[in-house]
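Chemist: Take a look at the following structure, please.
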Amino acid sequence: MSNTIEQNELQLEASLFLEAMAADSRAGKSLRKPGVLQRRLIEIAAEIQSTGTYVHSKSELEFGARLAWRNSNRCIGRHFWRSLEVRDCRSVHDQDNAVDAVQQTLTDHLDDAFNGGRIRSIVSVFAPRKPDGTDPVRMKNHQLTRYAGFRLQNGKLLGDPDSEQMTAACLDAGWHPTRRDAFTPLPWQFVLDGSTSPLIDVFATHPDRLHEVVLSHPDLDGFSSLKLRWYAVPLLADMAMKIGGIVYPFAPFNGFYMGTEIGARNLADQHRYNVLPDVATLFGLDVTSNRTLWRDRALVELNRAVIHSFDAAGVVLGDHHQLGAQFEAFCQAESKLGREMTGDWSWLNAPMAASQTPQFHREFNNDVVGHTNFFYQKSPLSEGNSGKSTASKTAGACPFHLP
Numbered sequence: 259m260s261n262t263i264e265q266n267e268l269q270l271e272a273s274l275f276l277e278a279m280a281a282d283s284r285a286g287k288s289l290r291k292p293g294v295l296q297r298r299l300i301e302i303a304a305e306i307q308s309t310g311t312y313v314h315s316k317s318e319l320e321f322g323a324r325l326a327w328r329n330s331n332r333c334i335g336r337h338f339w340r341s342l343e344v345r346d347c348r349s350v351h352d353q354d355n356a357v358d359a360v361q362q363t364l365t366d367h368l369d370d371a372f373n374g375g376r377i378r379s380i381v382s383v384f385a386p387r388k389p390d391g392t393d394p395v396r397m398k399n400h401q402l403t404r405y406a407g408f409r410l411q412n413g414k415l416l417g418d419p420d421s422e423q424m425t426a427a428c429l430d431a432g433w434h435p436t437r438r439d440a441f442t443p444l445p446w447q448f449v450l451d452g453s454t455s456p457l458i459d460v461f462a463t464h465p466d467r468l469h470e471v472v473l474s475h476p477d478l479d480g481f482s483s484l485k486l487r488w489y490a491v492p493l494l495a496d497m498a499m500k501i502g503g504i505v506y507p508f509a510p511f512n513g514f515y516m517g518t519e520i521g522a523r524n525l526a527d528q529h530r531y532n533v534l535p536d537v538a539t540l541f542g543l544d545v546t547s548n549r550t551l552w553r554d555r556a557l558v559e560l561n562r563a564v565i566h567s568f569d570a571a572g573v574v575l576g577d578h579h580q581l582g583a584q585f586e587a588f589c590q591a592e593s594k595l596g597r598e599m600t601g602d603w604s605w606l607n608a609p610m611a612a613s614q615t616p617q618f619h620r621e622f623n624n625d626v627v628g629h630t631n632f633f634y635q636k637s638p639l640s641e642g643n644s645g646k647s648t649a650s651k652t653a654g655a656c657p658f659h660l661p
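Add 258 to a position in the sequence shown, counting from 1, and you land on the number used in our numbering.
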């Protein structure tokens, strides 16, 4: 693709974003003043022609990050989009000790997001992708908090199978975990301007930053024998945020968990922790046939434990009935304002009791808003250390991936 075509596409996406901002009842007041929007578009066009990119103002960055969340088809919690706290970290990596600066920014984000259990939704926006495709800052981790997956000599896996690749990479890089169990937190590793940083075992050095909830059951004291736990803040670190055509490859963000993400997926999926057989045994269920619905019954008890434990710990946790009702109200409110609510039906429906939530009975337009959104991108784990973004194998086929 020629530079001219790329610049024209960038200018078009910038225009679409700014028009959306101008139309917003809160963020667009200044842009609706006579001539302001047109002048800003002229400035951006000149900047793109001169440099191949353009720089967002603080107000554009803040609204853009919130709009990216609102436009995320797969998120059922985006009705909180206006409350997202946006942190401008675009110059953090320019400091003398960039690794320390980035680490401190992220530990502050993690602590502030936890907020004593009263989870705050925050995004920390680091430097944008350069016109030549170079990413100033990336992180090899999927989330700031994630449990390791150790492949044992007997072929079995201890911990989270989803983390096996990252765990192996950390061990190859010299990681010596202080313990190896099913819930060992992974160290952090950054890629700054193409150079991979040393491993930073944040949670071994500062265990107080490991905000976890130990699971118990409201009716069965013996549930604690399973020794299950999960971390309190889902803080994603590997997705790209795009605002008006500008890609921010490192924009770690968090909301709060919905209970089924933990109890019906992370701990229950057969390719993850697969604890349902243990839960069923604990409750004395007949597991000789799936027709006894032991999996369904165990799933309910596991999810009861998750909700009970987070509530007892004073940590914010949504449930699929609550969030489903809230999202339905949001869809109706947006419709009254003349704004279509796009969505991915398969993601907006909970992995249990889906038909008991409003989303199951709705149809959604799954068209992806391309100019401002969150996208999957290729992981630095498989990119090497060039610092340049390369196309994902799934990119051309999936609108949720950056090309």
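Glycine included, C-beta positions come from ideal geometry on N, C-alpha and C.
#1: How long is the line joining the alpha carbons of LEU540 and VAL573, rounded to whole angstroms?
#2: Tell me whether the beta-carbon of LEU525 lies closer than 8 Å to the beta-carbon of LEU494.
#3: Decide yes or no for the touch test of the segment 550 to 565 against the segment 452 to 470: beta carbon pairs closer than 8 Å, at least 3 of them.
#4: Kindly provide the ranges of any beta strand (DSSP E) runs that are 3 or more residues long and lie completely inside the segment 375 to 416, ordered along the chain.
#5: DSSP on PHE461, reduced to helix/strand/coil?
#6: Count the other CB atoms, across all protein chains shown, that sit within 10 Å of the CB of VAL537; report buried if there are 16 or more and exposed otherwise.
#7: Mark ASN331 as exposed unless 16 or more other C-beta atoms lie within 10 angstroms of its C-beta, in which case mark it buried.
#8: Within a Cβ cutoff of 8 Å, which residues of the same chain sit near GLY576, ignoring the five residues on either side of it in sequence?
#9: Which of the three DSSP states, helix, strand or coil, is assigned to LYS485?
#10: Thinking C-beta only, is LEU450 closer than 8 Å to ALA509?
#11: Does ALA498 come out as helix, strand or coil in the three-state DSSP assignment?
#12: Touch check for the segment 305 to 323 and the segment 337 to 349: three-plus C-beta pairs under 8 Å?
#13: Using a threshold of 8 Å, state whether the C-beta atoms of PHE321 and ALA281 are closer than that.
#14: Touch check for the segment 260 to 269 and the segment 290 to 308: three-plus C-beta pairs under 8 Å?
#15: Taking ALA272 as the reference, give the member of ASN532, GLN590, ILE504 with the closest Cα.
#16: May I have the straight-line CA-CA distance separating LEU364 from MET397, to the nearest angstrom?
#17: Using the Cα positions of TYR312 and ALA563, report the straight-line distance between them to the nearest angstrom.
#18: List the whole-angstrom C-beta distance separating GLU598 from ASN623, where the pair is believed to meet the contact cut-off of C-beta under 8 Å.
Modeler: In brief:
#1: In the sequence shown, the residue the question calls residue 540 occupies position 282. In the sequence shown, the residue the question calls residue 573 occupies position 315. Taken atom to atom, the span from the alpha-carbon of LEU540 to that of VAL573 is near 26 Å.
#2: One-based indexing of the sequence shown puts residue 525 at position 267. One-based indexing of the sequence shown puts residue 494 at position 236. In this structure, the beta-carbon distance from LEU525 to LEU494 does not fall below 8 Å.
#3: Result no; under three Cβ-Cβ pairs closer than 8 Å.
#4: For the segment 375 to 416, the full-length beta strand (DSSP E) segments reaching 3 residues or more read 380 to 383, 395 to 397, 407 to 409 along the chain.
#5: Counting from one through the sequence shown, the residue named residue 461 turns up at place 203. Of the three classes helix, strand and coil, the one that applies to PHE461 here is helix, per DSSP.
#6: Working through the sequence shown from its first residue, we reach residue 537 at position 279. VAL537 sits buried, since 16 or more C-beta atoms from the chains shown fall within 10 Å of its C-beta.
#7: On the sequence shown, position 73 is the one that residue 331 refers to. That one is buried.
#8: Position 318 of the sequence shown holds residue 576. Excluding five sequence positions before and after GLY576, the CB atoms of its chain that fall closer than 8 Å to its own CB belong to GLY335, PHE514, TYR515, MET516, GLY517, given in chain order.
#9: As a working note, residue 485 is residue 227 in the sequence shown. DSSP places LYS485 in the coil class of the three-state scheme, outside both helix and strand.
#10: Along the sequence shown, read from residue 1 onward, the residue named residue 509 stands at position 251. Along the sequence shown, read from residue 1 onward, the residue named residue 450 stands at position 192. No, they are not a contact pair.
#11: Numbered from its first residue, the sequence shown carries residue 498 at position 240. DSSP, read as helix, strand or coil, puts ALA498 in strand.
#12: Output reads yes: the segment 337 to 349 touches the segment 305 to 323.
#13: Counting from one through the sequence shown, the residue named residue 321 turns up at place 63. Counting from one through the sequence shown, the residue named residue 281 turns up at place 23. No, the Cβ-Cβ distance between PHE321 and ALA281 is not below 8 Å.
#14: Below 8 Å, enough C-beta pairs join the segment 260 to 269 and the segment 290 to 308 to call them touching: three or more.
#15: What you label residue 272 is simply residue 14 of the sequence shown in a count that begins at 1. ALA272 has its Cα closest to that of ILE504, out of ASN532, GLN590, ILE504.
#16: Here residue 364 refers to the residue found at position 106 of the sequence shown. Here residue 397 refers to the residue found at position 139 of the sequence shown. Here the alpha carbons of MET397 and LEU364 stand approximately 11 Å from one another.
#17: The sequence position of residue 312 within the sequence shown is 54, counting from 1. The sequence position of residue 563 within the sequence shown is 305, counting from 1. As the crow flies, the alpha-carbon of TYR312 is around 49 Å from that of ALA563.
#18: As a working note, residue 598 is residue 340 in the sequence shown. As a working note, residue 623 is residue 365 in the sequence shown. The Cβ separation is near 6 Å, so the contact holds.
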